[in-house]
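Undergrad: Chains as they are written, first to last, in the numbering used here: chain B, 1 to 221; chain W, 1001 to 1221; chain E, 2001 to 2221; chain U, 3001 to 3221; chain R, 4001 to 4221; chain L, 5001 to 5221. Backbone N, C-alpha and C fix where the C-beta goes; we use that ideal spot for every residue, glycine too. Here the structure is a predicted model, which is why all the values come from computation and not from measurement.
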Ligand SMILES: [Zn+2]
Ligand SMILES: [Zn+2]
Ligand SMILES: [Zn+2]
Ligand SMILES: [Zn+2]
Ligand SMILES: [Zn+2]
Ligand SMILES: [Zn+2]
């Protein structure tokens, strides 16, 4: 604990003055570029990874970067998403999974979470991920590949889940919000993004930023 | 969005190599010092504030740094806390509120969240905060002071709520986990910690790290 | 009530013998072509509309043909869908809204359902529909057109919601299940289907049966 | 799927004109005789069974014709019932179970639904049925008889559950709504109704339509 | 508080020895005659009213003697009922309302509970009571009579709700458990019991103890 | 059952007149000294134990004297507590466990409650108790001591849970409500109270009535 307190003193002494002016401006309010949803994992530092400054990223972090479908739990995820979209008017939401995710490892090994009732209950919101991996990828038995696949499929499952949130559905429908699925491989520094046209994850550099959701024409009847 | 992608490229080109060795070690697993629970607010960068490196802070972020009592929602908060305490064996949990918190402002002004059903539902887990401010501090009418007070009381309310989580109750009971309530005033860089002996928030520098929960002796009957 | 009883006697006397052999075969079990999800509205007769025989359509009917997202309610919708997909292995699911739907009219006029707490609670699963109509179609004020639009958007919203059900997500992912959005205009006998390529509803006759969900290739990382 | 589309074309070409006038009248609204609650099973066609026309039967169908008690789930069952009773003012509600019901078979064989979490959760609303069969009919071991008994007891259990719905309780209390428990044996075309006086199911023909709920006199105190 | 402590000392000094032998026997376990469900109201003393000794009455008390339907809340009511019926094998359950009940007064006056969210949420399990009074007794405007009626109807509503509990449904079905609805008028010491045959409450002295639930014969099909 | 009815007649004939005047005063309303939360166990008679008269104790009783955290269940516990604190303005709340508690015995022996789903679900609100005993007192294997310890720890766990209720948190915060943890050993008539300073249970006679919750000073920032 003392290490955190010492770190804060170092921040106050050496670094705060650099951003003091920015922080003072931010007293008036925040206007972040995006909502960044990622895992609580200590190996991820979203601001450092994206080189963003205070005020630029609205960040939601819980174990496994899970987004329960709207209405399933009146928890922090729904509130944070609604606040980001309806109040802060963010234009992009990124769901960012990561390599070696402990939550996804737990999903693949139910025995390991048997004595963790809250984790187990939460992973029910990744039950679609689990079934996709179990039912559709039975041939993929190599453990590390299987975990990587799970992390990727989970990002896609949580993106579907995100679409059930009314604020998201409405904003996507009028072309004011885009959704992105990423996977961060921290040990190489690489980030992969999902390309819906090719239906696969590709290095972010190779990815055209996806345009989500065609505006639909008025009803014919 | 392009700004995030550019930032990632900059991180990969200029910064990743600094920590490459550390990241490779972390493939084996994480062993964070603490669970840090704070708001999704874009003006907070927990790693920069505490000058911690990858692997050191397990971070939970939702709007308003709210911790629903155990059993009230099967959401990410309970799972993240249980994972941090029971699996990662963190020794400290910090709940860190912050100045100018939009969620707490919404709590004080129900009209402003009337059309935000998910935010409204989530803030019911800060209903104790709202009642404390309304019933016990009627005389404190100056808006900014009232918001600051709300942020502080909410940290204390969420600490009580945290104690209802079984993993926390058990670890605190055997002296292996300590709980801390902080408020971060981003515009000055100050951090205040709650001192239970004096029942007030004080600058972190002046605060003896609190020893939580006396071990109780065996039953007399 | 007597009318129903009389009808049954008429069925037993005049019609049962036609299908007796079929019914006897069906004792062994059912193997329906599709799961048909529609409103409880008395003006819809799914078997007559599709000219299907006993054993061909597995049918789910509640007010408003709403499909709560997975995990939001442990109700009949989730169980019926899981049974249809995982046990009966249906290859198609149709969500079929209809013209002049009372549930959708209630969604547009909250005052009319103020004293119907169960209806009101259920329509929260169509909150995305309500917000899409309110936020994205403010200019469409003609009541009948607005109701038609709501019926259509609701079919699309419930399709998204359907995708969060694990059995559906997995079966769609491996190309064994297709999802269809229809609107039945009972007063003309017309049925419209949603064409995802053109992002609009079209007469069923003009609609190529949609192939849902491209199979994604294996993970590159 | 093509079969459904072809059926619709056949309906439009050959049958719609028969009822066109009726359908046009129904644009003004529906006024059904009864709410008919039955299983999603594809072997049941409620309109054909009762020889009813469009506009006559309001129909609720989920797996196992289960009616969760009021307040237990904010799902389609409660909303559909409330809409039928409070808005459409139906005078009768029929809960109609059926022979060879897969949901009831699942209730008797928990192992068979172990991997169907949504079905399992839903069948908890038939837990009273399960306990009645297990605790009170231990001697009845012949599988087919046991399933028939379960179907019957479940109709009675769901009738009790139906009475907890406020709209139903109030309408029954003032003598404006009657409740009926039926079992449909599709392979013979027979329908059995529960006779509360004799406490058994009897062929519908032999059954006096039950008068439910004596109006109670004013309080004596 | 001191009054309670003094009372306990008085009990220990003057009264405990009277029952000491009984209490020592009860260490082996309890075998109560009945489960007595009543309001938390301080004006009710169930043991004194029924002149029962320690070990004779298993008692459940919450505001308004409400019994949420099975499955609606995983709260103390369901657990207490299940424990009483399945473990302790009680042969009778009494739901006992009382005159001047504050919870029922709140039900009739929603404005008075607007700022009591937990009370309001709980009274939703008496929504059937509220609708019965509102819809069926509009002519009964005299406040005291209206409250008495509400107390009575609520006892009947909660009895219906009690029947949805699986342990109760099964035990009643085999004739091993009887249910009773009472109202206690504390200011006169009178107790009224519901007579199902005459569909009214009568002084307990005039009431034949009701035999609940005819055993039904085996299925005819 | 006849025994209860006979007891009531005895009460009416012999005892009612003693308190008639008191009961008549109580028609105007109750103003209890305290909310007394205890187990449904038939061996506890709170009024006799504390020698209190009608009107003095507001009593909540469910199996295991469990208080689910606020928001976890919309059940009778939350409503009863809110009513006692916000409406009746009680100044003290006692949670009183007891020796030989069957609910706590069930908590220690999960196998014994496997077929009691409602009891099992309710005991999840004592999961913190279970984990404290399992994780922190592994060395305490003597069954009776282990049960006594569980009863005591559960009183403390439920006290923490009680603090999450907004009405309680606010009233404690302004010094108008005190919380007390007791254990009643019925076979000896002893009552033990928790002494927070010494962190152990002590005979009530030796216990200074605890002053709960220091009033905190205004925020420094
Ligand atoms: Zn992770
Ligand atoms: Zn904030
Ligand atoms: Zn409809
Ligand atoms: Zn069936
Ligand atoms: Zn009362
Ligand atoms: Zn007990």
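The beta strand (DSSP E) that contains residue 5009 of chain L, what's its start and end?
TA: No beta strand (DSSP E) holds residue 5009 of chain L; the alpha helix (DSSP H) holding it covers 5002-5010.
Undergrad: Do the segment 1113-1120 of chain W and the segment 1146-1163 of chain W make contact, defined as three or more Cβ pairs closer than 8 angstroms?
TA: Contact between the segment 1113-1120 of chain W and the segment 1146-1163 of chain W is absent, because fewer than three Cβ pairs lie under 8 angstroms.
Undergrad: Under 8 angstroms: do the segment 1046-1060 of chain W and the segment 4-11 of chain B share three or more Cβ pairs, one atom per stretch?
TA: A contact exists between the segment 1046-1060 of chain W and the segment 4-11 of chain B.
Undergrad: Would residue 3107 of chain U pass as a contact of residue 3030 of chain U if the rule is Cβ separation under 8 angstroms?
TA: No, Cβ-Cβ distance for residue 3107 of chain U and residue 3030 of chain U is not below 8 angstroms.
Undergrad: To the nearest angstrom, report how far apart residue 1103 of chain W and residue 3196 of chain U are at their CA atoms.
TA: Their Cα atoms are separated by approximately 57 angstroms.
Undergrad: What residues sit near ligand 1, counting only those whose C-beta is closer than 6 angstroms to one of its heavy atoms, in chain order?
TA: Result (chain order): B:39, B:41, B:64, B:98, B:101, B:102, B:103.
Undergrad: Which of helix, strand or coil does DSSP assign to residue 1125 of chain W?
TA: The answer is helix: DSSP assigns residue 1125 of chain W an H, G or I state.
Undergrad: Going by alpha carbons, who is nearest to residue 3055 of chain U out of U:3081, U:3061, U:3041, U:3027?
TA: Of U:3081, U:3061, U:3041, U:3027, the residue nearest in Cα terms is U:3027.
Undergrad: DSSP three-state call for residue 4056 of chain R: helix, strand or coil?
TA: If DSSP states are grouped into helix, strand and coil, residue 4056 of chain R belongs with coil.
Undergrad: Compare the C-beta of residue 1139 of chain W against all C-beta atoms of chain B and say whether one is closer than 8 angstroms.
TA: No, residue 1139 of chain W does not count as interfacial toward chain B.
Undergrad: Can you find a C-beta in chain L that's less than 8 angstroms from the C-beta of residue 4093 of chain R?
TA: No, its Cβ sits nowhere closer than 8 angstroms to a Cβ of chain L.
Undergrad: So for residue 2049 of chain E, helix, strand or coil by DSSP?
TA: Helix, per DSSP.
Undergrad: Buried or exposed: which applies to residue 3062 of chain U, given that a residue is buried once 16 or more other Cβ atoms fall within 10 Å of its Cβ?
TA: Flag for residue 3062 of chain U reads buried.
Undergrad: Compile a chain-ordered list of the residues in the segment 2018-2035 of chain E whose CB is closer than 7 angstroms to at least one CB of chain U.
TA: Cβ contacts with chain U: 2023, 2024, 2026, 2027, 2030, 2032, 2033, 2034.
Undergrad: Can you find at least 3 beta carbon pairs, one from the segment 5126-5139 of chain L and one from the segment 5040-5049 of chain L, that sit closer than 8 angstroms?
TA: Counting Cβ pairs under 8 angstroms, fewer than three are found: no touch.
Undergrad: For the alpha helix (DSSP H) holding residue 5145 of chain L, just list the boundary residues, first then last.
TA: That run of the alpha helix (DSSP H) goes 5143-5163.
Undergrad: Does DSSP put residue 3178 of chain U in a helix, in a strand, or in coil?
TA: Residue 3178 of chain U: strand per DSSP, three-state reduction.
Undergrad: Pick helix, strand or coil for residue 3018 of chain U, following the three-state DSSP scheme.
TA: Helix at residue 3018 of chain U.
Undergrad: Give the secondary structure of residue 2028 of chain E by DSSP, where H, G and I count as helix, E and B as strand, and everything else as coil.
TA: In this structure, residue 2028 of chain E counts as coil in the three-state DSSP scheme.
Undergrad: Please state whether DSSP places residue 5081 of chain L in a helix, a strand or coil.
TA: Here residue 5081 of chain L sits in helix by DSSP.
Undergrad: Do the segment 1178-1197 of chain W and the segment 5151-5167 of chain L meet, that is, are 3 or more Cβ pairs less than 8 angstroms apart?
TA: The answer is no - the segment 5151-5167 of chain L does not touch the segment 1178-1197 of chain W, with fewer than three Cβ pairs under 8 angstroms.
Undergrad: Given a cut-off of 8 angstroms on the beta-carbon distance, is the pair residue 4068 of chain R and residue 4139 of chain R in contact?
TA: No.
Undergrad: Measuring only between beta-carbons, confirm whether residue 3104 of chain U sits less than 8 angstroms from chain E.
TA: For residue 3104 of chain U, the answer is no, since every Cβ of chain E falls outside 8 angstroms of its Cβ.
Undergrad: Compare the C-alpha of residue 3079 of chain U against each of U:3059, U:3096, U:3098 and name the closest.
TA: Nearest of U:3059, U:3096, U:3098 to residue 3079 of chain U, Cα basis: U:3059.
Undergrad: Going by DSSP, which residues form a beta bridge with residue 1035 of chain W?
TA: Looking at the DSSP assignment, residue 1035 of chain W forms a beta bridge with W:1058, W:1093.
Undergrad: Tell me which residues share the same chain as residue 112 of chain B and place their Cβ nearer than 7 angstroms to its Cβ, disregarding the 5 neighbours each side in the sequence.
TA: Hits under 7 angstroms: 106.
Undergrad: Using DSSP's beta-bridge definition, name the partner residues of residue 2196 of chain E.
TA: Answer is none; residue 2196 of chain E lacks a bridge partner.
Undergrad: Evaluate residue 5199 of chain L with the Cβ neighbour count: other Cβ atoms within 10 Å of its Cβ, from every protein chain shown; 16 or more gives buried, anything less gives exposed.
TA: It is exposed - the Cβ of residue 5199 of chain L has fewer than 16 other Cβ atoms within 10 Å.
Undergrad: Report all residues from its chain with a CB closer than 8 angstroms to the CB of residue 2213 of chain E; omit the five preceding and five following residues, and keep chain order.
TA: Reliability of the predicted coordinates at residue 2213 of chain E is poor, the pLDDT of 39 falling under 50, and the value obtained from them is presented with this limitation in mind. So the qualifying residues of the chain are 2172, 2173, 2175.
Undergrad: Rounded to the nearest angstrom, what separates residue 4143 of chain R and residue 4099 of chain R at their Cα positions?
TA: When rounded, the distance between both Cα atoms is 13 angstroms.
Undergrad: Taking C-beta pairs closer than 8 angstroms, name the residues in chain W that residue 187 of chain B reaches, listed in chain order.
TA: By Cβ distance, chain W contributes 1023, 1024, 1026, 1027.
Undergrad: Is residue 3034 of chain U buried or exposed, if buried means 16 or more other CB atoms sit within 10 Å of its CB?
TA: So residue 3034 of chain U counts as buried.
Undergrad: Just by C-beta distance, which residues in the segment 1064-1085 of chain W are closer than 8 angstroms to chain B?
TA: Cβ contacts with chain B: 1064, 1066, 1068, 1070, 1073, 1074, 1075, 1076, 1077, 1078, 1079, 1080, 1081, 1082, 1083, 1084.
Undergrad: So what does DSSP say about residue 207 of chain B, is it helix, strand or coil?
TA: If DSSP states are grouped into helix, strand and coil, residue 207 of chain B belongs with coil.
Undergrad: Do residue 4086 of chain R and residue 4161 of chain R come within 8 angstroms of each other at the CB atom, strictly closer than that value?
TA: No. Outside cutoff.
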